[in-house]
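Q: If you scroll down you'll find the structure; I have some questions about it.
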Amino acid sequence: MIETKVLGSSGLRVPSITLGTWKIRDSNTLEESMGIIEYAISQNITAIDTSPVYCEGRLDALIGSLKGRHPEILISTKIPGIKKPENQSPLNESYPREYLERKTEEILKSLNLDSVDMLQLHNWSTSWDDHHVFELLDNLRMLKDKGYSKTVGISLPNWMNSDDVRIRAPYVDFVQLPISLLQQWAIDVAQRLNTQNVGVLARAPLEHGALTQYGAKNQTEPAQIEDLCKQLGIQRVDLPFYALNFVTGIKPVTSVILGMNSRRTIDSTLAALEKKISFETYTRIRQVYYQ
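Under this note's numbering, think of the first position of the sequence shown as 39, with each following residue one higher.
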C-alpha cells in the first residue's frame with residue numbers, strides 16, 4: 039500500500055513513491071515506455087516526474103495525455119536553465135527574467151495541459167547572489183499565482199555543502215534532493231527544510247545504481263560501497279533493500295523519485311518497500327550513518 043503525504047504546507051497530497059522518467063527510454067520504445075507508466079499507475083504510483091530534457095521531450099505529450107484517462111495522477115516537471123550554471127556564472131545566464139514564464143508556457147504546451155501539480159527549477163547554484171535569487175524565486179512564485187502549477191520548488195544538484203544551501207521557505211513549496219546512504223549533506227538539508235514546512239522530494243536513493251548488487255560505473259568507489267556494507271553488517275545483495283527503506287523512512291521526505299524502467303523493476307521495488315525494515319534496524323543504520 040502506497041501512502042500519501044502532504045507536500046510541505048501546500049496542502050497537496052503526494053504518494054510516497056514517484057515514477058521518474060529520466061531513464062525510461064534507455065531500453066524501451068515510446069510505446070513500451072507508456073505501457074510501463076500505465077502499469078505504474080495501476081500499482082498506485084500516481085505521481086510522475088518528467089522534464090522537457092528527458093527523452094528530448096518526446097515523452098511529454100504522451101504523459102500529458104494520461105491526465106484525461108487518469109485524472110488522479112500528479113505531474114511534476116522542471117524548467118531547465120538556458121545553460122547549466124558553472125563555477126561563478128551569474129544567474130541571468132541560466133534564468134534571465136523574461137525566460138521563466140515563456141519556457142513554462144512551452145512546457146505546458148508540449149504536455150498539452152493548462153497546468154501541472156509540481157513545477158521546479160531544474161538548475162541551481164550556491165554562487166548566485168541573494169538579490170537575484172530573491173527575484174528569481176519571486177518570479178517562480180508568480181507562476182504558481184498565475185495557475186501554471188499547484189506548487190513550485192527547486193531541484194538541487196548532486197553534491198553540495200549543506201551550509202551553502204539557503205532556502206527561502208515563503209517562496210518554495212518543496213525542494214528536490216539527492217538523498218541516499220551516501221549523501222549526508224542532503225539529509226541535513228531535508229531536516230532543516232522540515233522545520234520550515236517545506237516539502238522534500240528525494241531522488242537517486244540507490245545512487246544511480248551504485249547501491250545495487252550490480253553497481254554502476256563511474257559513480258561511486260567500490261571500496262566505499264564495501265565499507266558501507268561492512269559498517270551496516272549486511273551483504274551487498276541486500277543493500278538496495280536497506281537503502282530504499284532508509285530513504286523512505288526519513289520523516290521529512292514526502293516522496294521518493296524512483297527511475298523504474300520495466301514492470302519487473304516496479305514489482306521488485308514495491309515488494310522491497312512492502313517488507314520494510316524494523317525500527318531497531320533503522321535505528322542501527324542511523325547510528326552507523328551519523329557516527
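Every residue gets a Cβ at the ideal spot worked out from N, C-alpha and C, and that includes glycine.
1) Which full runs of the beta strand (DSSP E) of 3+ residues lie inside the region 149–189, going along the chain?
2) With distances taken Cα to Cα, identify the nearest neighbour of V332 among L174, I111, V291.
3) So, helix, strand or coil for S89, using DSSP?
4) Note down the Cα distance separating T115 from I74, rounded to an integer number of angstroms.
5) Just the Cα atoms here: how many angstroms apart are Q269 and V275?
6) Which of helix, strand or coil does DSSP assign to P216?
7) Could you pull the DSSP bridge partners for L112 from this structure?
8) Tell me which residues share the same chain as R280 and place their Cβ nearer than 7 Å to its Cβ, disregarding the 5 neighbours each side in the sequence.
9) Could you give the distance in angstroms between the alpha-carbon of S80 and the alpha-carbon of I304?
10) Which residue's Cα is closest to the Cα of L57: E69, M39, T67, N82?
11) Label P128 either buried or exposed according to how many other C-beta atoms from any shown protein chain fall within 10 Å of its C-beta, with 16 as the threshold for buried.
12) Assuming S293 is part of the beta strand (DSSP E), what are its boundary residues?
13) Do you know how far the Cα of Q214 is from the Cα of A228?
14) In the DSSP assignment, what are the bridge partners of A99?
15) Per DSSP, what kind of secondary structure is A242 in: helix, strand or coil?
16) Could you tell me the alpha carbon to alpha carbon distance between L146 and T233, rounded to whole angstroms?
17) Could you tell me the distance, in whole angstroms, from the CA atom of Y186 to the CA atom of D211?
18) In the DSSP assignment, the beta strand (DSSP E) including R230 goes from what residue to what residue?
19) Keeping to the same chain, check which residues put their C-beta closer than 6 Å to that of V154; ignore five residues upstream and five downstream.
A: Result, derived from the coordinates:
1) 154–159
2) Summary: the structure shown does not reach residue 332, with the chain confined to residues 39 through 329, and so no result is reported for it.
3) coil
4) 18 Å
5) 15 Å
6) In the structure shown, P216 adopts extended strand secondary structure according to DSSP, grouped into three states.
7) Beta-bridge pairing links L112 to A85.
8) Here the sequence assigns Tyr to residue 280, which means Arg is not the residue at that position. Around Y280: L270, I272, I315, I323.
9) 11 Å
10) N82
11) With fewer than 16 other Cβ atoms within 10 Å, it is exposed.
12) Here the beta strand (DSSP E) through S293 covers 291–296.
13) 9 Å
14) Paired residues: none, contrary to the question.
15) coil
16) 32 Å
17) Between the alpha carbons of Y186 and D211 lies a gap of roughly 14 Å.
18) Run containing R230: none in the beta strand (DSSP E); it sits in the alpha helix (DSSP H), 222–233.
19) Result list for V154: I113, T115, S187, in chain order.
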